[in-house]
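One structure is given here, and the rest of the page talks about it.
Below, the structure is given as structure tokens:
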């Protein structure tokens with residue numbers, strides 16, 4: 631069932647890639663004709679959207695491969711690597727656009743506001759449609775697809791900013807608005823890239839998930855009858871959903887299996903951890 635959903639999701643994502651590439655070509659053309667850097671900035675962001683979705687599709691397909699003797703955990707972390715590539719590309723694109731905007735500020739050129747307005751207007755409609763396609767392909771349940779969805783949402787907002795800049799250029803002839811729009815879009819892109827990058831690095835470094843406190847977990851385990859102490863507790867994530875843990879426990883009776891079963895129930899119900907390795911020994 632989940633496999634079928636993934637295949638239908640990949641089909642939707644492929645359509646989104648095609649739309650984004652067409653839109654990128656249109657925006658670059660519009661940017662060159664109008665002299666607008668913010669339109670080209672939006673185009674580059676769109677191209678990164680297409681790249682983000684391609685990486686999402688590839689990573690999800692790799693992630694669905696079964697575990698084997700060499701990869702005993704399976705390939706799920708491929709999706710985290712996909713998000714790592716996506717987030718890094720967002721940051722690089724954002725920094726490059728700020729650099730270009732600063733150059734444009736010191737060397738201003740005339741801009742055709744009407745071309746900017748109409749091309750950005752079309753882009754906004756396409757961005758919203760693409761975001762809806764990406765969301766329906768599994769953004770709610772998958773960090774990798776969610777990264778691509780955030781790309782789309784931020785691009786829709788970027789297109790809106792470019793429309794406003796186009797209108798301001800039409801009615802005031804102040805080309806500085808194009809530079810302001812470009813820098814604003816770039817800062818937004820960099821911010822989201824950094825948020826995603828941090829999450830990826832924390833998972834790759836096997837950090838304890840933000841939702842879990844080791845202290846609370848230790849207290850919960852030590853409240854169970856028969857458990858004297860719980861030590862050497864490790865909690866980490868395999869991907870954005872699967873959380874694993876291991877712990878060493880000192881017991882004051884011999885009913886190890888019952889105590890382990892109680893511990894697993896608490897771990898699942900209170901901490902949402904479904905994969906646990908518990909080592910026990912008597913006091």
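Residue numbers (the numbering used here): 631 to 913.
C-beta atoms are modelled at their ideal positions from N, C-alpha and C, and glycine is treated no differently.
{"Item": "Alpha helix (DSSP H) segment containing residue 719, residue limits", "Value": "708-736"}
{"Item": "Inter-residue Cα distance where the pair is residue 761 and residue 903", "Value": "31 Å"}
{"Item": "Residues of its chain near residue 654, where Cβ-Cβ distance is below 6 Å and the 5 sequence neighbours each way are ignored", "Value": "673, 676, 677"}
{"Item": "Three-state class that DSSP yields for residue 858 in the structure shown", "Value": "strand"}
{"Item": "Sequence ranges, beta strand (DSSP E) only - wholly within the segment 861-885, length at least 3", "Value": "873-881"}
{"Item": "Selection from 691, 756, 833 that minimises the alpha carbon distance to residue 596", "Value": "Outside the displayed range of the chain (631 to 913) lies residue 596, so it cannot be described from this structure."}
{"Item": "Contact the segment 661-670 vs the segment 698-714: 3+ CB pairs below 8 Å", "Value": "no"}
{"Item": "Bridge-paired residues (DSSP) for residue 608", "Value": "Nothing about residue 608 can be reported from this structure: the residues present for the chain run from 631 to 913 only."}
{"Item": "Length of the line joining the Cα atoms of residue 859 and residue 644", "Value": "52 Å"}
{"Item": "Residue closest to residue 768, alpha-carbon to alpha-carbon, out of 687, 785, 796", "Value": "687"}
{"Item": "Whole-number beta carbon distance between residue 815 and residue 671, since they are thought to touch under 8 Å", "Value": "5 Å"}
{"Item": "The segment 829-849 in contact with the segment 704-718 per 3-pair CB rule at 8 Å", "Value": "yes"}
{"Item": "Endpoints, the alpha helix (DSSP H) within which residue 829 is located", "Value": "806-834"}
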